[in-house]
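Visitor:
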Amino acid sequence: SQELEQSPQSLIVQEGKNLTINCTSSKTLYGLYWYKQKYGEGLIFLMMLQKGGEEKSHEKITAKLDEKKQQSSLHITASQPSHAGIYLCGAGGSARQLTFGSGTQLTVLP
Amino acid sequence: EAQVTQNPRYLITVTGKKLTVTCSQNMNHEYMSWYRQDPGLGLRQIYYSMNVEVTDKGDVPEGYKVSRKEKRNFPLILESPSPNQTSLYFCASSSPGGREQYFGPGTRLTVT
Chain B
101 SQELEQSPQS
111 LIVQEGKNLT
121 INCTSSKTLY
131 GLYWYKQKYG
141 EGLIFLMMLQ
151 KGGEEKSHEK
161 ITAKLDEKKQ
171 QSSLHITASQ
181 PSHAGIYLCG
191 AGGSARQLTF
201 GSGTQLTVLP
Chain S
5 EAQVTQNPRY
15 LITVTGKKLT
25 VTCSQNMNHE
35 YMSWYRQDPG
45 LGLRQIYYSM
55 NVEVTDKGDV
65 PEGYKVSRKE
75 KRNFPLILES
85 PSPNQTSLYF
95 CASSSPGGRE
105 QYFGPGTRLT
115 VT
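From first to last, the protein sequence lines stand for chains B and S. Sequential numbering of the first sequence, starting at 101, is according to our numbering. Sequential numbering of the second sequence, starting at 5, is according to our numbering.
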């Protein structure tokens, strides 16, 4: 079965700083999903990447998929307190059957 | 508004007392799923349903039951809850060609 490892597990940054979260898969990635979760709440879909080299942006959040490395990275530019939460990557052939990473807890200090 | 609803949002119960967590979606989605979330383990799929009367086990189905009698509802049943089922539970739905799953707000269950 596919396993996803996220790094770092937690991250504390000062407001305005840039940051990167990585998601590495044990198998070839056919689809990589990024979600954001506020503590104790549901998951909000951010973006989905399908092709190697694909890059997508949502406001100040950019995600890339490196198929050869079986890895995706999520980059936040000029972080704000509203970016705080848990970021989860999920992988699978479709949105219906996803394996998730254990998450990265992001704290942004004002 | 398109949404997935779960009830209850919080539940504290005792070992062995049967309980049901309801899940309902208003988007006419064929696919529905249950996950549990535990610290350090991320989200793990419990059961999923491809359509009415079609259900299948996910990664951690032991101790759980589900039913899909109607398209919009997908209840999660714990016949005899145990403390190791203390967790945060999420229901999700999507359409066959959907690129994202819509998640409910979560149900925090504590079994003492």
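Just so you know, even glycine gets a beta-carbon here, dropped at the ideal spot from N, CA and C. Treat the numbers as computed from the prediction; the structure is a model and nothing was measured.
Taking 8 Å as the CB-CB cut-off, is S/E104 touching chain B?
Guide: Walking along the second sequence from the start, residue 104 of chain S turns up at place 100. Yes, S/E104 counts as interfacial toward chain B.
Visitor: Quick one: Cα of B/K136 to Cα of B/Y187, how far?
Guide: Sequence index remark: in the first sequence, residue 136 of chain B carries index 36 (1-based). Sequence index remark: in the first sequence, residue 187 of chain B carries index 87 (1-based). Cα-Cα distance, rounded: 5 Å.
Visitor: I believe B/Q102 touches B/T199 by the beta-carbon criterion, under 8 Å. Please report the beta-carbon distance rounded to the nearest angstrom.
Guide: Here residue 102 of chain B refers to the residue found at position 2 of the first sequence. Here residue 199 of chain B refers to the residue found at position 99 of the first sequence. That pair is a contact at about 5 Å.
Visitor: Anything in chain S within Cβ reach of B/Q171, meaning under 9 Å, just list it in chain order.
Guide: Position 71 of the first sequence, counting from 1, holds the residue named residue 171 of chain B. Under the 9 Å cutoff, chain S gives no residues; its nearest Cβ is about 17 Å from B/Q171.
Visitor: Is B/Q171 closer than 8 Å to B/N122 when the C-beta atoms are compared?
Guide: The residue given as residue 122 of chain B occupies position 22 in the first sequence. The residue given as residue 171 of chain B occupies position 71 in the first sequence. Yes, the Cβ-Cβ distance between B/N122 and B/Q171 is below 8 Å.
Visitor: Using a C-beta to C-beta distance shorter than 9 Å, which residues of chain S count as neighbours of B/L119?
Guide: The count along the first sequence starts at 1 and reaches residue 119 of chain B at position 19. The premise fails here: B/L119 is roughly 20 Å from chain S at the closest Cβ pair, so nothing lies under 9 Å.
Visitor: So, for S/K69: in the same chain, excluding its five sequence neighbours on each side, which residues have a beta-carbon less than 7 Å away from its beta-carbon?
Guide: If you number the second sequence from 1, residue 69 of chain S lands on position 65. Cβ within range, chain order: I81, E83.
Visitor: Jot down the residue ranges of each uninterrupted beta strand (DSSP E) in the region 60-85 of chain S, minimum 3 residues, whole runs only, in chain order.
Guide: Runs of the beta strand (DSSP E) inside the region 60-85 of chain S: 80-82.
Visitor: When DSSP builds the beta bridges, which residues end up paired with S/V25?
Guide: As a first step, residue 25 of chain S must be located in the second sequence, where it is residue number 21. DSSP output for S/V25 lists S/L80 as bridge partner(s).
Visitor: Measuring only between beta-carbons, confirm whether S/P109 sits less than 8 Å from chain B.
Guide: In the second sequence, the residue the question calls residue 109 of chain S occupies position 105. Chain B, which has a Cβ nearer than 8 Å to the Cβ of S/P109, makes this yes.
Visitor: Between the region 114-143 of chain B and chain S, which residues of the former have CB atoms less than 9 Å from a CB of the latter, in chain order?
Guide: Taking 9 Å as the Cβ-Cβ cut-off against chain S, the residues of the region 114-143 of chain B that qualify are G131, Y133, Y135, Q137, G140, E141, G142, L143.
Visitor: Going by other Cβ atoms of all chains shown within 10 Å of its Cβ, with 16 needed for buried, is S/Q89 buried or exposed?
Guide: If you number the second sequence from 1, residue 89 of chain S lands on position 85. Per the 10 Å Cβ criterion, buried.
Visitor: Mind reading off the beta-carbon distance from B/T204 to B/Q106? Whole number of angstroms is fine, and I expect it under 8 Å.
Guide: Position 104 of the first sequence, counted from the start, is the residue given in the question as residue 204 of chain B. Position 6 of the first sequence, counted from the start, is the residue given in the question as residue 106 of chain B. Contact holds; Cβ gap of about 5 Å.
Visitor: Could you tell me the distance, in whole angstroms, from the CA atom of B/T128 to the CA atom of S/E34?
Guide: Taking the first residue of the first sequence as 1, we reach residue 128 of chain B at position 28. Taking the first residue of the second sequence as 1, we reach residue 34 of chain S at position 30. Looking at the two C-alpha atoms, the distance is approximately 27 Å.
Visitor: If I follow the unbroken beta strand (DSSP E) through S/R48, where does it start and stop?
Guide: Locating residue 48 of chain S in the second sequence gives position 44, counting from the first residue. S/R48 -> beta strand (DSSP E) spans 46-55.
Visitor: Classify B/H183 as buried or exposed, calling it buried when 16 or more other Cβ atoms lie within 10 Å of its own Cβ.
Guide: As a position in the first sequence, residue 183 of chain B is number 83, starting the count at 1. When all chains shown are included, B/H183 counts as buried.
Visitor: Between S/L15 and chain B, is the shortest Cβ-Cβ distance under 8 Å, so that the two count as touching?
Guide: The count along the second sequence starts at 1 and reaches residue 15 of chain S at position 11. No - not a single Cβ of chain B is within 8 Å of the one on S/L15.
Visitor: Return the bridge partner residues of B/K136 from the DSSP annotation.
Guide: Your numbering for residue 136 of chain B matches position 36 in the first sequence. DSSP, once it has assigned bridges, lists B/I144, B/Y187 as partnering B/K136.
Visitor: Out of B/P181, B/K138, B/C189, which one is the CA nearest neighbour of B/I112?
Guide: Position 12 of the first sequence, counted from the start, is the residue given in the question as residue 112 of chain B. Here the closest residue by C-alpha is B/P181.
Visitor: Would you decide whether B/Q109 is buried or exposed? Buried here means 16 or more other CB atoms lie within 10 Å of its CB.
Guide: On the first sequence, position 9 is the one that residue 109 of chain B refers to. Classification of B/Q109: exposed, given that the 10 Å Cβ count is below 16.
Visitor: Here's a check: name, in chain order, each residue in its chain whose Cβ is nearer than 6 Å to the Cβ of S/S97, leaving out the five neighbours to either side.
Guide: For the purposes of this step, residue 97 of chain S is identified with residue 93 of the second sequence, where counting begins at 1. Around S/S97: V8, Q29, H33, M36, Y106.
Visitor: So the beta strand (DSSP E) S/R112 belongs to, where does it begin and stop?
Guide: Taking the second sequence and counting its residues from 1, the one referred to as residue 112 of chain S is at position 108. Looking at the DSSP string, the run of the beta strand (DSSP E) that includes S/R112 is 111-115.
Visitor: Taking the C-alpha atoms as reference points, what is the distance between B/A178 and B/K160?
Guide: On the first sequence, residue 178 of chain B is found 78 positions in, with the first residue counted as 1. On the first sequence, residue 160 of chain B is found 60 positions in, with the first residue counted as 1. For B/A178 and B/K160, the distance between alpha carbons rounds to 7 Å.
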